[in-house]
Amino acid sequence: MQLDQLKSLAKSIGDRRILDLFDADSNRAESFSTSSGDLLFDYSKTQINDDIRSALIQLCDHAKLADRRTAMFAGQKINETEGRAVLHTALRNLDGGPVEVDGQDVMPDVLETLQRMRVFAEEVRGGAIKGAGGSFTDVVNIGIGGSDLGPVMATHALAPYHDGPKLHYVSNVDGAHIADTLRMLDPTRTLIVVASKTFTTIETMTNARTARAWMVDGGGDPSQQFAAVSSAVDKTAAFGIPEERVFGFADWVGGRYSVWGPVGLPVMIAVGSNAFDAFLRGGQAMDLHFRSAKWVENMPVMLALVGVWHRQVLGYASRAVLPYDQRLLRLPAYFQQLEMESNGKSVAMDGSTLAMPSGPVVWGEPGTNGQHAFYQLIHQGTDVIPCEFMVAANGHEPELAHHHRLLLANCLAQSEALMQGRSLDEARVRMVDKGLTGEELERQARHRVFSGDRPSTTLIYPQLTPYVLGQIIALYEHRVFVEGVLLGINSFDQWGVELGKELATSLGPIVDGEVGTEGKDGSTAGLVEYALRHRG
Ligand code: F6P
Numbered sequence: 116m117q118l119d120q121l122k123s124l125a126k127s128i129g130d131r132r133i134l135d136l137f138d139a140d141s142n143r144a145e146s147f148s149t150s151s152g153d154l155l156f157d158y159s160k161t162q163i164n165d166d167i168r169s170a171l172i173q174l175c176d177h178a179k180l181a182d183r184r185t186a187m188f189a190g191q192k193i194n195e196t197e198g199r200a201v202l203h204t205a206l207r208n209l210d211g212g213p214v215e216v217d218g219q220d221v222m223p224d225v226l227e228t229l230q231r232m233r234v235f236a237e238e239v240r241g242g243a244i245k246g247a248g249g250s251f252t253d254v255v256n257i258g259i260g261g262s263d264l265g266p267v268m269a270t271h272a273l274a275p276y277h278d279g280p281k282l283h284y285v286s287n288v289d290g291a292h293i294a295d296t297l298r299m300l301d302p303t304r305t306l307i308v309v310a311s312k313t314f315t316t317i318e319t320m321t322n323a324r325t326a327r328a329w330m331v332d333g334g335g336d337p338s339q340q341f342a343a344v345s346s347a348v349d350k351t352a353a354f355g356i357p358e359e360r361v362f363g364f365a366d367w368v369g370g371r372y373s374v375w376g377p378v379g380l381p382v383m384i385a386v387g388s389n390a391f392d393a394f395l396r397g398g399q400a401m402d403l404h405f406r407s408a409k410w411v412e413n414m415p416v417m418l419a420l421v422g423v424w425h426r427q428v429l430g431y432a433s434r435a436v437l438p439y440d441q442r443l444l445r446l447p448a449y450f451q452q453l454e455m456e457s458n459g460k461s462v463a464m465d466g467s468t469l470a471m472p473s474g475p476v477v478w479g480e481p482g483t484n485g486q487h488a489f490y491q492l493i494h495q496g497t498d499v500i501p502c503e504f505m506v507a508a509n510g511h512e513p514e515l516a517h518h519h520r521l522l523l524a525n526c527l528a529q530s531e532a533l534m535q536g537r538s539l540d541e542a543r544v545r546m547v548d549k550g551l552t553g554e555e556l557e558r559q560a561r562h563r564v565f566s567g568d569r570p571s572t573t574l575i576y577p578q579l580t581p582y583v584l585g586q587i588i589a590l591y592e593h594r595v596f597v598e599g600v601l602l603g604i605n606s607f608d609q610w611g612v613e614l615g616k617e618l619a620t621s622l623g624p625i626v627d628g629e630v631g632t633e634g635k636d637g638s639t640a641g642l643v644e645y646a647l648r649h650r651g
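Going by my numbering, the first residue of the sequence shown is number 116, and it counts up by one from there.
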């Protein structure tokens, strides 16, 4: 990525404030926004002006973004380190044409599995498929990472549409997670969905075995009450899950991109197959937009370019995702995996060392809660943290419309406050109003200064429907793709998680006390010895 021009444009900003850009251009909000369907993405509260935007857009051509995009949708093996295509988009290609991998159209399989999911989900919801004790009251999804975060996020997001059995998610190998979940459930009326792309993940397989034992002990029937979601169907059979309850997917669906297919099965059971279809259609609508809109009007591209401007050009280390939408409470965690597992890399596709910062730290919480927790630092801390606000024009509770007005007002107030700030003179006036004078006035006033000029973007949508959720998730997936292309990295592998897994395996017998700590560093050995000494 050629950042020289952008770095000199950044230098030339000098003391120009974002507000000055609004003063100079009454049309700025419109010119520095882009829409896709009903979604509006406003990035006008940043330092990006025409020159900066043009330079950012040039990066796309320089990185041959259009060719990479074509390659992805065409099923080429752009995940080069694993030799795989990247085709999660095929899972939502409901009305699209054929999609080929190695000369083979994958759509018949995708649509056939989707249809099997629909039938299974509706039969679970309707009670035709039941457990030893009757129709299912509860579904427990056992999975981790991409086999957990997407469905958890979507289940919360689509709560107003949830009319199926209760849903629970167990991810952590900490026995507390499964114990606390199963304690309240009836083993004869609970469906367990084991979700694991590889069907080898130690956390998931440990939890799945514990759930099976719980079910057998409680009079349930695992042969009727287990389903599996995986791309390793040989391993699901070995676990004893009947073939008709296994929903497979191909290796060209990355874990963190998998909510659109069988990994979304619990969501489909919760909200029904029609609502799930609407979610897929939302994702597909964003795909069509991403494939056809020119760069400046292309929402994922502009979202990515704003990200590059803040991270790779200006060097801001993190970005906050701040949905003013309580039902998006797990969206920041979902984006953490999507963005950090995809673009948290320091080696370029060709094996060279990345000559610029990798993707940023992504974090956040729903507003307004975050306002009463960490916004202090966002407003007055020494680091600039670009904020990505999200908010709906409407809630789902018409009887509580006054809540939604407050929510919206708070969201808009925060981005306004970040940009406007409060000068020392303005702070002094407030202190004078409070009756302060002299040195005390000066001292107190300084604590009440907000530098302002802190960048934010806002994504606004009509209401958090399944269709809109699909658009938002696909928007961020493509944003990650674009940022990865501009960085020249492979966004679709995750070698960085392997070393810890390997060491955890080798530490197993050591924490059991079967093998000594010889060869371990002093800290690890000391911690093991402490754990063994205090073992009850
Ligand atoms: O350890 C990381 C990871 O491989 C993620 O990429 C993936 O989403 C998660 O583990 C779970 O993997 P699986 O679905 O194969 O159990």
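The beta carbon of each residue, even a glycine, is placed where N, CA and C say it ideally should be.
This structure is a prediction, so every number in the text was calculated from the model and none was measured.
Within the same chain, Cβ atoms closer than 6 Å to the Cβ of Val361 are found at Ala343, Val348, Thr351, the five residues on either side in sequence being excluded. Ranked by Cα distance from Pro501, the options Lys179, Thr305, Gly567 are led by Gly567. Leu584 carries a helical assignment under DSSP once its states are collapsed to helix, strand and coil. Ala205 and Met232 have their C-alpha atoms spaced approximately 16 Å apart. Judged by DSSP secondary structure, Glu503 falls within the beta strand (DSSP E) whose first and last residues are 502-507. Taking C-alpha positions only, Lys179 is separated from Leu124 by approximately 23 Å.
In terms of Cα proximity to Glu598, the closest of Gly129, Leu171, Gly218 is Leu171. If the five residues before and after Met505 are omitted, its C-beta is found closer than 6 Å to the C-beta atoms of Pro438, Leu574, all from its own chain and listed in chain order.
Excluding its 5 nearest sequence neighbours in each direction, Pro275 has C-beta neighbours in its own chain below 6 Å: His511, listed in chain order. Short note on Arg445: C-beta not closer than 8 Å to any heavy atom of the ligand F6P. Looking from the CA of Met268, the closest CA among Arg445, Gln340, Leu395 belongs to Arg445. Within the DSSP secondary-structure output, Thr305 pairs in a beta bridge with Asp253. Between the alpha carbons of Gly634 and Gly261 lies a gap of roughly 34 Å. For Thr620, the enclosing alpha helix (DSSP H) has its first and last residue at 613-626. Cα atoms of Phe147 and Gly370: separation of roughly 34 Å, rounded to the nearest angstrom. Considering only Ala390, Pro280, Ser345, Asp253, the residue with the shortest C-alpha distance to Met330 is Asp253.
Contact annotation: Leu584 and Gly397 have beta-carbon atoms nearer than 9 Å.
Leaving aside the five residues that flank Asn525 on each side, the residues in its chain whose CB is nearer than 8 Å to its CB run, in chain order, Tyr439, Gly482, Thr483, Gln486. When DSSP states are grouped into helix, strand and coil, Gln219 belongs to the strand group. Contact annotation: Ala310 and Ser345 have beta-carbon atoms nearer than 9 Å. A straight line joining the alpha-carbon of Leu403 with that of Lys245 spans about 39 Å. Rounded to whole angstroms, the separation of the alpha carbons of Phe354 and Arg324 is 9 Å.
DSSP places Pro438 in the uninterrupted beta strand (DSSP E) bounded by 433-439. At least one heavy atom of the ligand F6P is found less than 8 Å from the C-beta of Gln609. Taken in chain order, the complete alpha helix (DSSP H) segments of 4 or more residues contained in the segment 408-462 are 414-423, 446-450.
The straight-line gap separating the alpha-carbon atoms of Ala390 and Pro581 is approximately 6 Å. Counted as a single uninterrupted DSSP element, the alpha helix (DSSP H) harbouring Lys126 occupies residues 119-126.
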